[in-house]
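Following: one structure in structure tokens, then a few remarks.
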Amino acid sequence: MKFLQYRFAITMPILILFMTVFQSCRQGQDDRIIGVKIYDHQGSLEELFSEWRDLGINTAFSSLALLSSDEYRLAARENGISMFVIFPVFFNPEALAESPDLYALTHQGAIAKEEWVEFVCPSSEEYRNLMVENARDIIRKYDPDGISIDFIRHFVFWEKVYPDRNPATLPVTCFDSTCLAHFQLETAVSIPDSLTSTAETAGWITENHHNEWTDWRCNLITGMVQEIAEAASEIKPGILINIHLIPWAQEDFNGAIKTVAGQDIPALSQYADFLSPMTYAHMVKREPPWIHSIVKDIYLQTENKIIPSIQVNKAYLDKELDLEEFEESLLEALKPPSGGVVFWSWERLNQEADKKEVLKDIIMN
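Sequential numbering from 2 applies to the sequence shown in our numbering.
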């Protein structure tokens with residue numbers, strides 16, 4: 002009897018500890034964002050959200066066109082789906098088609114355009130004010146749970162920047178008259194009048210004021226995030242803020258996350274609840290473990306909740322993204338300190354029944 006009492010006394014604390022750890026792990030899993038980027042939907046909303054519940058998807062990063070549907074918003078709320086509106090900032094082909102003078106300029110004097118990627122000058126006060134008002138209007142009209150700030154950077158077609166890329170070939174913007182005027186005014190740097198071409202001006206700035214130029218460009222991006230986040234919070238206190246990040250570690254391409262993209266991650270993190278690097282490993286010719294390395298790199302800079310976005314099938318490359326690579330990418334994306342995962346995109350995932358089964362097995366078990 003004494004032996005049984007002793008055994009019970011030893012076993013109970015272990016059991017309690019096990020249950021506590023188990024519950025803590027389960028709670029941590031329940032707190033994860035399992036999201037999809039979704040741009041359009043033509044079928045049954047009831048079937049859509051029923052399938053999402055079955056797969057463990059709890060968050061939708063929706064286009065404005067989809068979010069503007071009363072039926073979609075109502076169905077999402079009834080099914081407990083959190084809604085973020087995807088809010089592009091400096092990528093705006095429509096505005097550029099209407100006003101070509103809004104184009105950012107590269108260090109070579111070319112407009113900021115490569116294939117489908119077209120960027121607005123980030124110093125245009127009129128445009129920046131328009132974006133802030135647009136954010137206010139969207140939140141006032143559609144009451145999303147969060148705003149997911151996209152294309153909040155300087156121009157670069159990062160989707161085709163591979164590991165062997167020479168950093169010197171990456172574009173740096175913006176060198177239009179608006180940016181140059183603001184740079185001089187806000188940094189007290191004086192650009193010599195003898196410089197007559199954009200390339201000459203860019204070369205002089207890079208050689209003589211590289212740090213000031215980098216810091217100023219980063220501040221343009223951080224300041225835009227701050228303005229949008231504050232405006233959103235004015236309309237809806239407590240609204241969640243997510244920021245899309247280029248998936249580059251601090252030292253990649255000679256620090257291009259700041260010198261090219263202008264994304265100062267520690268500064269940006271002050272205004273965000275979540276940071277979402279677009280870790281599309283297959284697209285940029287990386288192996289799945291790279292996804293986890295980017296999450297760790299960002300987390301060590303900020304300790305924010307990091308929600309990596311992963312791709313579902315091939316893009317830009319002919320090689321297929323097979324089931325094994327998808328599964329490994331998902332597992333790497335979910336490794337701590339990750340706060341979840343976002344799939345790019347539902348339209349692509351919905352065509353891949355076998356990958357949905359993998360998702361379900363991993364997320365729901």
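Heads up, the beta-carbon is just placed ideally off N, CA and C, and yes, glycines get one too. Since this is a predicted model, take the numbers as computed values, not measurements.
Looking at C-beta atoms only, is the number of pairs between the region 189–197 and the region 118–132 that lie closer than 8 Å three or more?
-> Contact annotation: the region 189–197 does not touch the region 118–132, with fewer than three C-beta pairs closer than 8 Å.
Whole-angstrom distance between Ser-234 and Leu-276, CA atom to CA atom | Straight-line measurement puts the Cα of Ser-234 at about 17 Å from the Cα of Leu-276.
Backbone CA spacing between Ala-61 and Lys-361 [nearest angstrom] | Ala-61 and Lys-361: Cα-Cα distance of roughly 17 Å.
Just list the alpha helix (DSSP H) runs in the region 139–186, keeping only unbroken ones of 4 residues or longer that don't cross its boundaries, in chain order.
-> Whole alpha helix (DSSP H) segments, 4+ residues: zero.
Tell me whether the beta-carbon of Ser-330 lies closer than 8 Å to the beta-carbon of Pro-267.
-> It is not a contact, given that the beta carbons lie outside the stated cut-off.
Identify the residues that DSSP records as bridge partners of Lys-38: which are they?
-> BP columns for Lys-38 point to Phe-62, Trp-345.
For Thr-260, does the count of other Cβ atoms within 10 angstroms reach 16, so buried, or fall short, so exposed?
-> Label assigned to Thr-260: buried.
Which of helix, strand or coil does DSSP assign to Met-84?
-> Here Met-84 carries a strand assignment [DSSP, helix/strand/coil].
Counting Cβ pairs closer than 8 Å, one from the region 239–247 and one from the region 272–287, do we hit at least three?
-> Remark: three or more beta-carbon pairs, one from each stretch, lie closer than 8 Å, so the region 239–247 and the region 272–287 are flagged as touching.
According to DSSP, what are the bridge partners of Lys-114?
-> Beta-bridge pairing links Lys-114 to Glu-119.
Work out the CA separation of Glu-99 and Trp-117 for me, nearest whole Å.
-> Near 16 Å, if we compare the C-alpha coordinates of Glu-99 and Trp-117.
Look at the alpha carbon of Thr-376 and the alpha carbon of Val-121, and state the distance between them as a whole number of angstroms.
-> Outside the modelled stretch of the chain, which goes from 2 to 366, sits residue 376, for which no answer is possible.
Do the CB positions of Met-365 and Gly-110 come within less than 8 Å of each other?
-> Contact: no.
Rounded straight-line distance, which links the Cα of Asp-177 to that of Asn-59 | Put simply, the backbone Cα of Asn-59 is about 43 Å away from that of Asp-177.
Locate the alpha helix (DSSP H) running through Pro-290, then write down its first and last residues.
-> Per DSSP, the unbroken alpha helix (DSSP H) holding Pro-290 starts and ends at 290–303.
Proximal residues to Ala-232 (C-beta, below 7 Å), its chain only, five neighbours per side dropped | Contacts found: Val-133, Ala-136, Arg-137.
Nearest CA to the CA of Asp-216: which residue from Val-162, Thr-179, Leu-269, Ile-236?
-> Of the candidates Val-162, Thr-179, Leu-269, Ile-236, the one whose C-alpha sits nearest the C-alpha of Asp-216 is Leu-269.
Give me the Cα-Cα distance between Arg-349 and Ile-87, rounded to the nearest whole angstrom.
-> Looking at the backbone, the Cα of Arg-349 and that of Ile-87 are separated by about 17 Å.
Are the beta-carbon atoms of Val-296 and Pro-338 separated by less than 8 Å?
-> Yes; because the gap between Cβ atoms is below 8 Å, this pair is in contact.
Taking Gln-227 as part of the alpha helix (DSSP H), name the residues at either end of that continuous run.
-> First-last of the alpha helix (DSSP H) with Gln-227: 211–236.
With DSSP run on the structure shown, which of helix, strand or coil describes Asn-351?
-> Here Asn-351 sits in coil by DSSP.
Could you spell out where the beta strand (DSSP E) holding Leu-241 opens and where it closes?
-> For Leu-241, the enclosing beta strand (DSSP E) starts and ends at 241–246.
8 Å contact criterion, which Phe-184 and Trp-205 should meet: CB distance rounded = Contact doesn't hold; Cβ gap of about 12 Å is too wide.
With DSSP as the reference, please indicate the residues paired to Ile-258 in a beta bridge.
-> Ile-258 pairs with nothing; no bridge assigned.
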